[in-house]
Ligand code: CP3
């Protein structure tokens, strides 16, 4: 049994709007989903997560399935995103990591030497059976709503491993890449293999789109991104060309947008700092963009949000395709009714 490729459309299974937009084909409205839509903004998420650690939830096919479906049921979004975490494949290959509530991933022993790097092993499909199981079940349950798979990009994963946890300025990581370029490339190269293997497991199981999260790439200058991050993100994305559309996302990446496209993206995620028409101009002909409502505006009241959503949809028309999203993840204190209302508004706007 194999999923039909996005280009082979049939009456029973029309190509999802998300895949159409990602490949530059017009639709009635931009498909909408939200980064971190499956999370703490939902009371039903907090209820099913009670008493289970984040990592245990990510290893349970039942919880992955339920949490992934929650925002689809509640908001009517045009895509589900697999409930998991960017550090999950590292945990699955034996790296000591905990996800601490309110903090993020914390590494038992930061990775900074050749010996540390050589202990990182490549991910095998057998390391994450619960992910493939959950994806197969989800694709059946979701019907026409596509499922997005994801992985963390080598730079963003490396930052957690080198720093030992979340970092504001990524200073240790940047010092490491300049002081020890060979070791850096060995580390990022290994993380690229892990990310590619993790995405391949998800694609083989049926996800219809993937997103590579290089959340912290915006900490790098264009020169550093091009030398130290791009080749490794390309090693993740290029081998997946033609399988499913590839979304490439980072925060504060206004200077990096064309380089992120060049790494092998079908869609480039844009945060709220660059208007989508300007992003499309920077990206060049044929670009498809995703974004870019400032998550901070979710707390500003409906008139502000209504105006911002209309502006973003209008600016998105300057690109060859637009997937509506936030510029980063849903904050945990978001009123979920606001998200539902945004979906309804985007769906109701004139084409
Ligand atoms: O709905 C979705 O977007 C799917 C699920 C998802 C999670 N993490 C679940 C999660 C996705 C796509 C991620 C990716 C992820 N994880 C990224 C890239 C996206 C981004 O935000 O830039 C990053 C940097 C991480 C690392 C990470 N994991 C952080 C910073 C945190 C937050 C820590 C906190 O408590 O504030 C996590 C934990 C995490 N991942 C939660 C969820 C729902 C919260 C944990 C909880 O509910 O207890």
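In the working numbering, the protein residues as written are 105 to 455.
Even for Gly, the Cβ is constructed at its ideal location relative to N, Cα and C.
Please read all numbers here as calculations on a predicted model, not as lab measurements.
Is it buried or exposed for residue 454, if we count other Cβ within 10 angstroms and need 16 for buried? Around the CB of residue 454, fewer than 16 other CB atoms lie within 10 Å, so the residue is classed as exposed.
Quick check on the burial criterion: 16 or more other C-beta atoms within 10 angstroms. Buried or exposed for residue 123? Counting the other CB atoms within 10 Å of its CB gives residue 123 a total of 16 or more, which places it among the buried residues.
Beta-carbon proximity of residue 395 to residue 380, cut-off 8 Å: Residue 395 places its beta carbon less than 8 Å from that of residue 380.
Quick one: Cα of residue 149 to Cα of residue 207, how far? Cα-Cα distance, rounded: 19 Å.
Please name the residue, chosen from 197, 182 and 164, that lies closest to residue 241 on a Cα-to-Cα basis. Sorting 197, 182 and 164 by C-alpha distance to the C-alpha of residue 241 places 164 at the top.
Just the C-alpha distance for residue 212 and residue 200, rounded to the nearest angstrom, thanks. Rounded to the nearest angstrom, the two C-alpha atoms are 5 Å apart.
Ligand 1 heavy atom lying under 7 Å from the CB of residue 205: Residue 205: yes, Cβ under 7 Å from ligand 1.
With residue 368 and residue 383 assumed to form a contact (beta carbons below 8 Å), what rounded beta-carbon distance in angstroms separates them? Incorrect: roughly 18 Å between the Cβ atoms, too far for contact.
Using only alpha-carbon positions, find the residue among 432, 289, 171 and 311 that is nearest to residue 258. Here the closest residue by C-alpha is 289.
By the DSSP assignment, the beta strand (DSSP E) with residue 202 in it spans what residues? Per DSSP, the continuous beta strand (DSSP E) segment holding residue 202 begins and ends at 201 to 204.
Let's see if you can read the secondary structure: which residues bound the beta strand (DSSP E) around residue 209? Per DSSP, residue 209 belongs to the beta strand (DSSP E) from 208 to 211.
So what's residue 428 in DSSP terms, helix, strand or just coil? DSSP places residue 428 in strand when its eight states are reduced to three.
Going by CA-CA distance only, name the one from 180, 223, 179 and 143 that's closest to residue 162. When only C-alpha atoms are compared, the closest one is 143.
According to DSSP, simplified to helix, strand and coil, what is residue 298? Taken through DSSP and simplified to helix, strand or coil, residue 298 comes out as helix.
May I ask you to report which of helix, strand or coil DSSP gives residue 461? The chain is shown only over 105 to 455; residue 461 falls outside these bounds and no answer can be derived.
Would you mind sorting residue 250 into buried or exposed? The rule is 16 or more other CB atoms within 10 Å of its CB. Buried is the call here.
Straight-line CA distance for residue 228 to residue 192? Near 13 Å, if we compare the C-alpha coordinates of residue 192 and residue 228.
Beta-carbon proximity of residue 226 to residue 305, cut-off 8 Å: No, these two residues do not count as a Cβ contact at 8 Å.
Could you tell me the distance, in whole angstroms, from the CA atom of residue 446 to the CA atom of residue 408? Just so you know, the alpha carbons of residue 446 and residue 408 end up roughly 12 Å apart.
Please find out if some non-hydrogen atom of ligand 1 comes closer than 7 Å to the beta-carbon of residue 447. Residue 447: no, Cβ never under 7 Å from ligand 1.
Taking the alpha-carbon of residue 337 as reference, which of 325, 374, 353 and 347 has the nearest alpha-carbon? Answer by Cα proximity: 353.
Classify residue 244 as buried or exposed, calling it buried when 16 or more other Cβ atoms lie within 10 Å of its own Cβ. By the 10 Å Cβ count, residue 244 comes out exposed.
Taking 8 Å as the cut-off, decide whether the C-beta atoms of residue 459 and residue 215 are in contact. Because residue 459 is not part of the residues shown, which for the chain are 105 to 455, the question remains open.
Let me confirm a value: residue 137 is counted as buried when at least 16 other C-beta atoms fall within 10 Å, else exposed. Which label applies? The residue in question, residue 137, is buried, as its Cβ has 16 or more Cβ neighbours within 10 Å.
Check residue 368 in the structure and name its three-state DSSP category. Residue 368: coil per DSSP, three-state reduction.
At what residues does the alpha helix (DSSP H) containing residue 156 begin and finish? For residue 156, no alpha helix (DSSP H) run applies, since DSSP gives it neither H nor E.
Among 441, 295 and 315, which has the Cα closest to the Cα of residue 186? Checking every option, the nearest Cα to that of residue 186 belongs to 315.
When you measure from the CB of residue 189 to every non-hydrogen atom of ligand 1, does any distance come out below 7 Å? Residue 189 Cβ: within cutoff of ligand 1.
In the DSSP output, what is residue 397 paired with across the bridge? In the DSSP secondary-structure assignment, residue 397 is bridged to 430.
So is the beta-carbon of residue 428 under 7 Å away from any non-hydrogen atom of ligand 1? It does not: the Cβ of residue 428 is nowhere closer than 7 Å to a heavy atom of ligand 1.
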